[in-house]
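So that you can map any letter, position 80 of the sequence shown is 80 in our numbering, and since no number is skipped, the others follow by simple counting.
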Amino acid sequence: MPFTENNTATAHLFPELRDLLLSGKLISAKAYDNCEQQAKAHGQSIEEYLYKSGLIPHQILQQAIAISQNLSLEFVDGKAVNNPYYVKQTLCEINGYNLIENYKPLNEIYSSNLEKPYIKFATARDFRDLFIRQNKNTLIHQSVHFLADKTPNLAAKFGMHIGQKIVVIGLLLAAIMATIIWPEFGYYYISIILSCVFLFASSVKIYSLFLPKTANVRAKLDDNDESYLDVLVDKLPVYSILVPLFKEEKLIKQLTSNLLKLNYPHSKLDIKLLFEQEDKDTIAAAKRLNLPECFEFIIVPPHELQTKPRAMNFALPFVRGEYVTIYDAEDKPEPDQLLEAIDKFKRGDDKLACLQASLEIENWNENWMARHFFIEYATLFNHFLPALEWLGIPLPLGGTSNHFKVNILREIGAWDAHNVTEDADLGIRLALCGYHSNVLNSVTLEEANHRLIPWFKQRTRWLKGWLQTIIVHSRHPSNLYHAIGPLRFAGFLALMMGMLFSSLLHPLIFVMPFVIYYTFDLASVMNSTLHMSLFLLSFSTLIIGYGAVLCSNYQALAEFKRWRLLLTLLTAPIYWLLVSFAAWLAIHEYIRKPFYWAKTEHGVSKYLNDQAAE
1 MPFTENNTAT AHLFPELRDL LLSGKLISAK AYDNCEQQAK AHGQSIEEYL
51 YKSGLIPHQI LQQAIAISQN LSLEFVDGKA VNNPYYVKQT LCEINGYNLI
101 ENYKPLNEIY SSNLEKPYIK FATARDFRDL FIRQNKNTLI HQSVHFLADK
151 TPNLAAKFGM HIGQKIVVIG LLLAAIMATI IWPEFGYYYI SIILSCVFLF
201 ASSVKIYSLF LPKTANVRAK LDDNDESYLD VLVDKLPVYS ILVPLFKEEK
251 LIKQLTSNLL KLNYPHSKLD IKLLFEQEDK DTIAAAKRLN LPECFEFIIV
301 PPHELQTKPR AMNFALPFVR GEYVTIYDAE DKPEPDQLLE AIDKFKRGDD
351 KLACLQASLE IENWNENWMA RHFFIEYATL FNHFLPALEW LGIPLPLGGT
401 SNHFKVNILR EIGAWDAHNV TEDADLGIRL ALCGYHSNVL NSVTLEEANH
451 RLIPWFKQRT RWLKGWLQTI IVHSRHPSNL YHAIGPLRFA GFLALMMGML
501 FSSLLHPLIF VMPFVIYYTF DLASVMNSTL HMSLFLLSFS TLIIGYGAVL
551 CSNYQALAEF KRWRLLLTLL TAPIYWLLVS FAAWLAIHEY IRKPFYWAKT
601 EHGVSKYLND QAAE
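In C-alpha cells, the structure reads:
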C-alpha cells in the first residue's frame, strides 16, 4: 500500500550542506535530488533523511554539517566516556564536553544554547553500549527478576506454593487409596474425573463451532471508513521490532530481507536484533550484511537463565517505538502487517493492549508431521483464537507476531523470564490487569518443526510453559475471576487446564472404556446400570472430544481449501498420542529443570531451502 506524500516543501536546515557534500564527492547530485524527494514524502528535512537512511556514514555527515556551520567537531565513542549519570539527561557535560543524545533533530543540536562552542559527538549506538556497560548488572537483574520483584505472585520463578502442593498431593493420594481399598470405586472415580476433564476441555471447542467464521470475527474496514493506513508518513509512529536470535547464522540474511519488505518507512522503524553474547557466528554473519540504520544490534550478556523472554526484557529499555512486535528468525510477515496493527490499535479502545497475527506453516507438505503442524496452526489461529476473542476469553498468545502497546507492556512488567512459554502467560496477565488482546487479520509464514526429536523438545517446552502458567494463575484464582467475570473465567479454565490435562490423560481416556469392559464381565456391565453408564460416559466422551477437535480442524482446513489434508486427519489420534507423551515429558522436565529452554532449530526445511536457492 503506497504511503500518502506530504506536499510541503523539503526543509533544509543547513543550506550550505548540499554544495559541501557534492564537492567532497560524498554523494552524487542525482542521488541527493532523489533523497530530497524521499525526504519530502517522509515529511523530513533532507539532513534528517540522510542521517536515518545511512547513505552517508553518520560521522562524516555530522562532520560536514559542523564544517558548514563553522563548528569544531570531534567524536567520542562509548569507551572514551565514563559517567554513570549521562543517560539521565538529554544534555550534560562529560569530561569537559557537552554531550547531546542525538535522537534530537539536528537543527536543535546546533541551535542549542551551549556554554562551550566545542562539541564532541557520540552516536546513538555508543550511547546504548555505554549505558549497558555502566548499568550491566542492573540490566541483567531486571531482565531476569523484574516481574518477580514487582509482583511475585505472578512470577513463575517461585513455582508451586505450599497450598497448591497440598491440594495436588491430596488428590493423588485420595485416588491411589481409593483404588487400593476399593478397586471398583477407583475405576468409577477415575472414569468420571477423566470424562469431566475431557468434556470440559471440549466445551469451548464445541461452542466455537457455532460462532461466526474467522472473516466475520476479525474486524474489517468498511468502504466509507477513514483508514489509518492512508495517513501521512510523518504522522506514523515509530514501530519497534524485537528479534531474539540464537545460533541463527543460516537465516540472518533471509530474516533481514523479510523485515526490509515491510511496508513501513525505514526512518520510522526501530529493529533490534538480539544476540546472546556467546553466539559469535550469528553476530559475525549479521555484521557482514551492512544493514541500514534502522537495524540495531543488542548483545545480551550471559546469565545462567538463558531464555527468549530474558533477552526481550533486556532489550525493552532501549525500545523507542510506540508499538513493538516480536518476530522469530524464520518469520515472513505480510508487508502491511505493521500498518494493519496500527489501524486496529487506533480503532480499538484504550484497553486493547495486544494484537496477535495469524501464524501459517509454509512447509506444510514436507512430511506427515509438518501437515499436522499446519492443521494445528490453521485451527488455532484461524478458528480458535478468533472464537476466544468473540467470547471474551483471554488469548494465549503465540510466541511471535504479537504486537503490543509499549507503555502497557512496561506497565505490567513485560515478559516473565522464567516462563518458557512467556506468550501464553502474558496474554493471561494482560487480562488480569484489565486489558485485552485481539486477533489481527494479517499472516506471518513460519517453518514447521517437522523432525521428531526436535518436535518433542519444542512441544515439551510449550506444555511445560502451559503448566507454569496454570500454576501461576491458580495461586490466587479469585483475582482473575473478578477481573474477567465468571463465564470467561470458566472458559479460561476449560482452555488452559483442559488443554494440558487432556494431553496428559489422552491415553487413559482412550483405553478406559475397554478397561471397564474387560474388568467386569459382559453380563455384569449389561445388567448394571452404573457399569453401563460409566462405559457409555467414557465412550461418549471419546466420541465428543474427538469430534469437537476434528470438526474444528475441518472448518479451518475448509477456509484454506486444503482438502488433501483431510486424509491426514484420520491419523490425528496417533499425533495426539505424541502430544501426550510430550506432556508427560513436560511434567518430568518441570520437576528436574523448570526453567530450561530447549532451543528450536530453524532453517532445516529442505523445501524452504530449495525454494530459497531457486
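C-beta: ideal position from N, C-alpha, C; glycine also.
Because the structure is a prediction, the values reported are computed rather than measured.
Sort out for me which residues DSSP pairs residue i with in a bridge.
i, result
"Ala357", "Leu440"
"Tyr239", "Leu269 and Tyr323"
"Glu446", "Ile361"
"Leu352", "His436"
Which same chain residues, not among the five before or five after residue i, have their C-beta less than 7 Å away from its C-beta?
i, result
"Gly413", "Phe146, Leu147, Lys150 and Thr151"
"Leu608", "Glu362, Asn363 and Glu447"
"Arg459", "Val579 and Ala582"
"Val300", "Leu274, Phe275, Glu276, Gln277, Ala311 and Phe314"
"Arg429", "Leu154 and Ile412"
"Glu340", "Leu440, Asn441 and Ser442"
Could you spell out the range, first to last residue, of the alpha helix (DSSP H) harbouring residue i?
i, result
"Asp270", "Note, Asp270: premise wrong, no alpha helix (DSSP H); beta strand (DSSP E) at Leu269 to Glu276."
"Lys150", "Lys136 to Lys150"
"Lys405", "Element bounds for Lys405: not the alpha helix (DSSP H) but the beta strand (DSSP E), Asn402 to Lys405."
"Met369", "Trp368 to Thr379"
"Trp563", "Careful: Trp563 lies outside any alpha helix (DSSP H) and carries neither H nor E."
"Ala284", "Lys280 to Lys287"
"His482", "Pro477 to Ile484"
"Trp597", "From DSSP, Trp597 is part of no alpha helix (DSSP H); its letter is neither H nor E."
If we ignore side chains and look at the alpha-carbon of each, how far apart do residue i and residue j end up?
i, j, result
"Ile342", "Thr256", "22 Å"
"Arg320", "Ser358", "25 Å"
"Ile27", "Gln37", "15 Å"
"Val406", "Trp563", "41 Å"
"Ala201", "Ala572", "17 Å"
"Leu493", "Glu296", "41 Å"
"His436", "Leu397", "11 Å"
"Ala548", "Ala378", "15 Å"
"Leu17", "Ala64", "7 Å"
"Leu61", "Leu269", "21 Å"
"Gly498", "Val324", "31 Å"
"Tyr481", "Leu395", "15 Å"
"Ser240", "Ser401", "12 Å"
"Leu500", "Ala586", "10 Å"
"Pro302", "Val144", "11 Å"
"Lys272", "Arg288", "16 Å"
"Glu248", "Gly465", "23 Å"
"Val168", "His372", "33 Å"
Mapping the DSSP letters down to three states, classify residue i as helix, strand or coil.
i, result
"Thr10", "Summary for Thr10: the model assigns pLDDT 49, below 50, so the residue's position carries little reliability; its value from the coordinates is reported in the next sentence. Note: Thr10 maps to coil in three-state DSSP."
"Arg258", "Residue identity check: residue 258 is Asn in the sequence provided, not Arg. Note: Asn258 maps to helix in three-state DSSP."
"Leu339", "helix"
"Lys346", "helix"
"Phe295", "strand"
"Val300", "strand"
"Lys332", "strand"
"Pro244", "strand"
"Leu211", "coil"
"Thr676", "Coverage of the chain is limited to positions 1 through 614, which leaves residue 676 absent and any answer about it impossible."
"Met160", "coil"
"Gln38", "helix"
"Glu48", "helix"
"Ser605", "coil"
"Ile27", "coil"
"Leu391", "helix"
"Arg18", "helix"
"Arg133", "helix"
"Ser195", "helix"
"Gln306", "coil"
"Phe615", "Residue 615 lies beyond the residue range present for the chain, which begins at 1 and ends at 614; the question has no answer from this structure."
"Leu189", "Here residue 189 turns out to be Tyr, not Leu, going by the sequence shown. DSSP places Tyr189 in helix when its eight states are reduced to three."
"Trp415", "coil"
"Gly399", "coil"
"Ala155", "coil"
"Leu467", "helix"
"Glu115", "Because Glu115 carries a pLDDT of 49, less than 50, the predicted location of this residue cannot be relied on, and no value is offered for it."
With a CB to CB cut of under 6 Å and the five nearest residues on each side skipped, what residues in its chain are close to residue i?
i, result
"Gly603", "Lys250 and Leu251"
"Ala156", "Asp416, His418, Asn419, Gln468 and Val472"
"Ser503", "Val579, Ser580 and Ala583"
"Met496", "Ile470"
"Leu209", "Cys551"
"His383", "Ser552, Gln555 and Ala556"
Grab me the residues of residue i's own chain with a C-beta within less than 8 Å of its C-beta, minus the 5 sequence neighbours each way, in chain order.
i, result
"Cys35", "Ile27, Ile46, Tyr49, Leu50, Ser53 and Leu55"
"Ala29", "Leu22"
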